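Q:
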Amino acid sequence: MTGIAVLGCTGSVGRQTLDVIRQFKDKFRVTALVCGSDAETLLYQAEEFKPDFVGIADPEKADILKSLSYKCDVFAGADAQRIAAALPGTDLVVAAVVGLSGLTGVISAINAGKKIALANKETLVACGSYVTRLAKEKGVEIFPVDSEHSAVYQCLLCGRAQDLKRIILTASGGPFFGAKSLEELKSVTPEQAVKHPNWSMGKKISVDSATMMNKGLEIIEARWLFGTTDIDYVIQRGSIIHSMVEFNDGSVIAQIAPPDMKLPISYALGYPERLPSQNGKFDFSVPITFEKPNEKVFPLPKYARQAMLAGGTAPAALNAANEAAVKLFLDGKIAFTDILRLVEHILNSEKTSSYTDYREIMELHSRIYDGIIRDYARILGY
Ligand code: MG
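Using numbering that gives the first Met the number 0, you'd call the opening residue of the sequence shown number 0 and step up by one each time.
(1) Does DSSP put Gly104 in a helix, in a strand, or in coil?
(2) Just to confirm, is the Cβ distance from Ile360 to Ala125 under 8 Å?
(3) Whose C-alpha, out of Asn318, Asp37 and Thr1, is nearest the C-alpha of Lys26?
(4) Give me the Cα-Cα distance between Val151 and Gly331, rounded to the nearest whole angstrom.
(5) Does DSSP classify Cys34 as helix, strand or coil?
(6) Following a CB-centred definition, is Pro146 positioned closer than 7 Å to any heavy atom of the ligand MG?
(7) So is Thr288 buried or exposed if we call it buried at 16+ other beta carbons inside 10 Å?
(8) Could you give the first and the last residue of the continuous beta strand (DSSP E) run that contains Lys164?
(9) Alpha carbons only, please: which of Val187, Leu163, Thr188 and His148 is nearest the one belonging to Ala170?
(10) Specify the secondary structure class of Ser66 as computed by DSSP and reduced to three states.
(11) Does the region 186 to 204 touch the region 283 to 302, meaning 3 or more C-beta pairs lie closer than 8 Å?
(12) How about Ala407 and Pro58: do their beta carbons lie closer than 8 Å?
(13) What's the gap between the Cα of Ile367 and the Cα of Leu346?
(14) Select from Leu216, Ile371, Asp374 and Ala315 the residue whose C-alpha is nearest the C-alpha of Pro298.
(15) Count Cβ pairs between the region 348 to 355 and the region 214 to 232 that sit closer than 8 Å; are there 3 or more?
(16) Between Lys114 and Val139, is the Cβ-Cβ spacing less than 8 Å?
(17) Determine, using beta carbons only, whether Leu32 and Ile63 come nearer to each other than 8 Å.
(18) Report the CB separation of Ile55 from Ala38 in whole angstroms; it is logged as a contact under 8 Å.
(19) What residue from Lys164, Gly201 and Ala209 has the CA that sits closest to Arg14's CA?
(20) By the DSSP assignment, the beta strand (DSSP E) with Thr1 in it spans what residues?
(21) Please name the residue or residues paired with Glu245 in a DSSP beta bridge.
(22) Below 8 Å, how does it come out for the region 101 to 111 and the region 17 to 24: are there three or more Cβ pairs, yes or no?
(23) If I follow the unbroken beta strand (DSSP E) through Pro143, where does it start and stop?
(24) So is Val187 buried or exposed if we call it buried at 16+ other beta carbons inside 10 Å?
(25) Using only the heavy atoms of the ligand MG, determine whether one of them is closer than 7 Å to the beta carbon of Glu121.
(26) Skipping 5 residues on each side, what residues in its chain have a beta carbon closer than 6 Å to that of Ile378?
(27) Can you check whether the CB of Ala116 is closer than 8 Å to the CB of Val93?
(28) Which partner residues of Gly54 appear in the DSSP bridge assignment?
(29) Would you report the Cα separation of Lys135 and Ser276, rounded to the nearest angstrom?
(30) Quick check on Arg358: buried or exposed, where buried means 16 or more other Cβ atoms within 10 Å of its Cβ?
(31) For Ser199 and Ser11, what's the separation of their Cα atoms in angstroms?
(32) Excluding the 5 residues preceding and the 5 following Ala313 in the sequence, name in chain order all residues of the same chain whose CB lies nearer than 6 Å to its CB.
(33) Cβ of Glu59 within 7 Å of any heavy atom in the ligand MG?
(34) Does the distance from the C-beta atom of Ile218 to that of Arg304 stay below 8 Å?
(35) Alpha helix (DSSP H) containing Tyr381: first to last residue?
(36) Would you say Leu341 and Thr210 are within 8 Å of each other, going by their C-beta atoms?
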């Protein structure tokens with residue numbers, strides 16, 4: 000029986016993780032459930048899975064947790080994910096909090112020696128050198144849940160690490176693929192941006208997918224998970240090929256499956272076992288095509304690659320700018336194309352330096368994030 004703590008349990012990946020656990024109750028037991036502020040969903044999930052620990056980051060929701068019908072530890076406050084990640088009965092921590100706020104849970108899990116199923120890409124993007132060094136020190140495995148990285152992990156099993164030529168991530172292109180100019184995207188609404196053609200995902204990642212920043216973040220995430228900077232990406236509109244690796248002999252290995260997050264989740268939970276899916280046999284009537292990315296209209300992956308190669312605090316600055324800009328866009332305060340402008344502003348004004356501790360990254364993140372939330376109108380010349 001694997002004891003699983005789910006951090007970010009009320010979000011898209013968190014809920015799908017519980018769907019997988021529900022299906023394999025003989026293998027998995029939920030030890031902890033933690034969310035940000037959705038107390039109603041959390042209570043409902045806790046009543047079903049009866050974890051030992053129930054936590055919520057929002058301290059104002061503390062009273063609601065008292066209505067649980069069974070006895071367990073409850074905690075309301077920012078420390079909830081840190082405590083949950085280190086519980087003695089937990090073997091595996093599913094890190095599915097959105098944004099850099101998921102970092103403390105990941106670090107706590109590593110320090111407690113727990114295996115991590117990582118769905119929170121921002122943690123590796125902003126703080127990858129620290130997190131991967133700490134995981135190595137503690138002998139902790141960080142297993143990818145992101146569908147592209149799960150695919151790369153599977154493809155890499157076909158050859159030796161030293162024979163790898165490059166990683167090729169696939170991108171759906173998002174809802175606005177084919178746009179010829181930024182002008183065309185000016186009046187895009189949050190409702191349009193979160194409507195992804197293939198995947199059902201949370202709002203933040205859906206907007207990242209629409210701007211293509213998601214692929215940029217995933218390039219940096221892949222760099223830390225797989226230890227190479229030879230990472231390209233190609234548009235595969237149907238999201239059927241989830242990513243590929245190319246070996247020195249010219250062989251390209253791809254992982255193919257319908258776009259369903261439950262597959263990478265169940266692979267991370269069950270590895271090395273492959274848990275049976277209810278999806279039936281693969282449907283080959285769907286055509287598989289490739290297209291070239293348009294980095295003139297969607298330059299964010301290019302900027303992310305530059306930040307990756309610059310190293311140090313550069314990816315954290317890029318990520319902080321993006322997190323703030325996406326929030327402003329979802330709140331209806333800025334235009335879709337202003338996300339790009341705000342990220343460019345930070346890339347042009349922030350100096351890259353080296354860092355040694357994750358707290359430096361958290362400080363830099365808050366400074367840039369809060370600065371953009373406060374000054375966006377001035378920066379954009381509104
Ligand atoms: Mg992905």
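C-beta atoms are modelled at their ideal positions from N, C-alpha and C, and glycine is treated no differently. Only a predicted model underlies this, so the values are computations on that prediction, with no experimental measurement involved.
A: Straight from the coordinates:
(1) If DSSP states are grouped into helix, strand and coil, Gly104 belongs with the helices.
(2) The answer is yes: Cβ separation under 8 Å.
(3) When only C-alpha atoms are compared, the closest one is Thr1.
(4) For the pair Val151 and Gly331, the Cα-to-Cα distance works out to about 36 Å.
(5) Residue state, collapsed to three classes: strand.
(6) First, the amino acid is wrong: residue 146 is Ser here, not Pro. Yes, Cβ of Ser146 sits closer than 7 Å to a heavy atom of the ligand MG.
(7) Thr288 counts as exposed, since fewer than 16 other C-beta atoms from the protein chains shown sit within 10 angstroms of its C-beta.
(8) Run containing Lys164: Leu163 to Ala170, per the beta strand (DSSP E) assignment.
(9) Looking at Val187, Leu163, Thr188 and His148, the one whose alpha-carbon comes closest to that of Ala170 is His148.
(10) Assignment of Ser66 by DSSP, reduced to helix, strand and coil, places it in the coil class.
(11) Taking a cut-off of 8 Å on C-beta distances, the region 283 to 302 does not touch the region 186 to 204, as fewer than three cross pairs fall below it.
(12) This structure leaves residue 407 out entirely; the chain is present only between 0 and 381.
(13) Taking C-alpha positions only, Ile367 is separated from Leu346 by approximately 11 Å.
(14) Comparing C-alpha distances from Pro298 to each of Leu216, Ile371, Asp374 and Ala315 shows the shortest one belongs to Leu216.
(15) Result no; under three Cβ-Cβ pairs closer than 8 Å.
(16) Between Lys114 and Val139, the C-beta gap is smaller than 8 Å, which places the two residues in contact.
(17) Contact flag unset, no.
(18) Correct: roughly 6 Å between the Cβ atoms.
(19) Comparing Cα positions, the closest option is Gly201.
(20) Residues Thr1 to Leu6.
(21) Paired residues: Arg165 and Val251.
(22) These segments do not touch.
(23) Counting along the chain, the beta strand (DSSP E) containing Pro143 begins and ends at Ile141 to Pro143.
(24) Result: buried.
(25) Incorrect: Glu121 has no Cβ contact closer than 7 Å to the ligand MG.
(26) Within the same chain, Ile378 has close Cβ partners His344.
(27) Yes; because the gap between Cβ atoms is below 8 Å, this pair is in contact.
(28) Answer is Val33 and Phe74, bridged to Gly54.
(29) In this structure, the straight-line span from the alpha carbon of Lys135 to that of Ser276 is close to 32 Å.
(30) Taking every protein chain shown into account, the CB of Arg358 has fewer than 16 other CB atoms within 10 angstroms, so this residue is exposed.
(31) Taking the straight line joining both Cα atoms gives about 8 Å.
(32) The answer, listed in chain order, is Ala306 and Thr351.
(33) No, the beta carbon of Glu59 sits no closer than 7 Å to any heavy atom of the ligand MG.
(34) A contact, by the Cβ cut-off of 8 Å.
(35) Where Tyr381 is concerned, there is no enclosing alpha helix (DSSP H), given that its DSSP letter is neither H nor E.
(36) No.
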